[in-house]
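Trainee: Below is the structure I would like to discuss, written out as structure tokens.
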Amino acid sequence: MLSKVLGAVGVVLLIAGVSFAVRPVEVDGRRCGSVFQPEKGITPMQCDARLGTRGDLVVGLGAGGVAFMLAGFTVAAVRDRRTSVAS
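Counting from 63, one number per residue, gives the positions in the sequence shown under the working numbering.
Next comes the structure, spelled out in structure tokens:
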């Protein structure tokens with residue numbers, strides 16, 4: 063059960079990271095684009111801070127999601143290993 067919960071939390075974090083990455087950023091009413099594709103025709107100084115912060119958030123959510131999913135797989139593997147060694 064714990065491995066499923068950890069895996070589900072990891073998937074939710076990954077989905078949240080992707081949604082923040084593709085969601086467009088606006089600064090003072092001006093569209094800056096998304097983390098993956100900045101808007102054309104803007105000067106970098108207008109949006110760098112906001113896109114940088116959003117990029118850090120996306121990386122954090124993605125890394126956390128992967129960590130939770132790996133923890134879920136590890137818990138499942140250890141539980142299976144204990145079951146097979148004990149019998």
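Just so it is clear, CB atoms sit at the ideal spot from N, CA and C, and this is done for glycine as well.
Measure the alpha-carbon distance for Pro-100 versus Val-71 and round it to whole angstroms.
Mentor: Working through the sequence shown from its first residue, we reach residue 100 at position 38. Working through the sequence shown from its first residue, we reach residue 71 at position 9. Straight-line Cα distance between these residues: approximately 29 Å.
Trainee: So who's on the other strand from Glu-88, going by DSSP bridges?
Mentor: Residue numbering aside, residue 88 sits at position 26 when the sequence shown is read from its first letter. According to DSSP, Glu-88 bridges with Arg-93.
Trainee: When you compare the CB positions of Leu-68 and Phe-130, do they come within less than 7 Å of one another, or not?
Mentor: As a first step, residue 68 must be located in the sequence shown, where it is residue number 6. As a first step, residue 130 must be located in the sequence shown, where it is residue number 68. Result yes, Cβ atoms of Leu-68 and Phe-130 sit closer than 7 Å.
Trainee: Could you tell me which of Val-73, Val-128, Val-120 sits nearest to Pro-86, measuring between CA atoms?
Mentor: Mapped onto the sequence shown, residue 86 falls at position 24. It is Val-120.
Trainee: Given Arg-144, which residues of its chain have a CB within under 6 Å of its CB, disregarding the five upstream and five downstream residues?
Mentor: For the purposes of this step, residue 144 is identified with residue 82 of the sequence shown, where counting begins at 1. Result list for Arg-144: empty, nothing under 6 Å.
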